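Following: one structure in structure tokens, then a few remarks.
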């Protein structure tokens, strides 16, 4: 067991990141793959190290193409909200508190891209091939509506993280380091 609290926090954050990052990539790509599967894709290949999903076959229309693009953000966001609802504030484990904060941040914050990219889209500078850009192209949705939706989703995640104590518990653990 690591005695130095700063070192323990650093190790726990690194271990958490080593779990959360591949887990986020997996959930993001599984979101895309689930839609591809339900649209009848023959083969689906997910690469965690390459952070991509390929599928062949399937029948897509405007709605299912839009779902394919947004599912990569929605699936992790839904998992994050479920995790938030199940979070036990009173649990005092340092690892649990640090891991929970990082998981919720990593799974919720990609919604911020769904705010930024529509702004770039309106300016004619959206990244080509990005999920958000493809979603806006397929749906023809007003980017402002997407900004409001993504902002609402992000606000709900932050609100729940605050209400459930994840943010407070995280900062409490970091403040303990300063007191030592």
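Numbering (the working numbering), first residue to last: 7 to 186. Idealized CB from N, CA, C, for every residue including glycine. In this text the structure is predicted, and so the values were computed from the model without any measurement.
Closer than 8 Å to chain B by CB, residue i
i: residue 21; result: The structure shown has no chain B; it contains just one protein chain.
Limits of the unbroken alpha helix (DSSP H) element including residue i
i: residue 112; result: 100-114
i: residue 119; result: 119-128
Buried/exposed call for residue i, threshold 16 Cβ in 10 Å
i: residue 37; result: buried
i: residue 169; result: exposed
i: residue 68; result: exposed
i: residue 163; result: buried
i: residue 151; result: exposed
i: residue 81; result: buried
Expected contact under 8 Å - CB spacing of residue i and residue j to nearest Å
i: residue 159; j: residue 72; result: Contact flag wrong, Cβ pair sits at about 16 Å.
i: residue 61; j: residue 47; result: 4 Å
i: residue 124; j: residue 149; result: 3 Å
i: residue 59; j: residue 137; result: Their Cβ separation, rounded to whole angstroms, is 11 Å, which puts residue 59 and residue 137 out of contact at 8 Å.
i: residue 176; j: residue 104; result: 7 Å
i: residue 179; j: residue 100; result: 6 Å
i: residue 92; j: residue 172; result: Actually they are not in contact, since the Cβ atoms of residue 92 and residue 172 sit about 11 Å apart, beyond 8 Å.
- Task: Output the residue ranges of the beta strand (DSSP E) runs that lie fully inside the region 10-75 and measure 3 residues or longer, sorted by chain position.
- Result: Runs of the beta strand (DSSP E) inside the region 10-75: 47-53, 58-63.
- Message: Under 8 Å, with one C-beta from each stretch per pair, do the region 91-110 and the region 31-49 reach the 3-pair mark?
- Response: Three or more Cβ pairs closer than 8 Å define a contact, and the region 91-110 falls short of that threshold against the region 31-49.
- What are the start and end residues of each continuous alpha helix (DSSP H) run of 4 or more residues lying completely inside the region 142-171, in chain order? 149-169
- Query: Given 8 Å as the limit, is there contact between the region 17-30 and the region 106-114, that is, 3 or more CB pairs closer than that?
  - Reply: Contact between the region 17-30 and the region 106-114 is present: three or more C-beta pairs spanning the two stretches fall below 8 Å.
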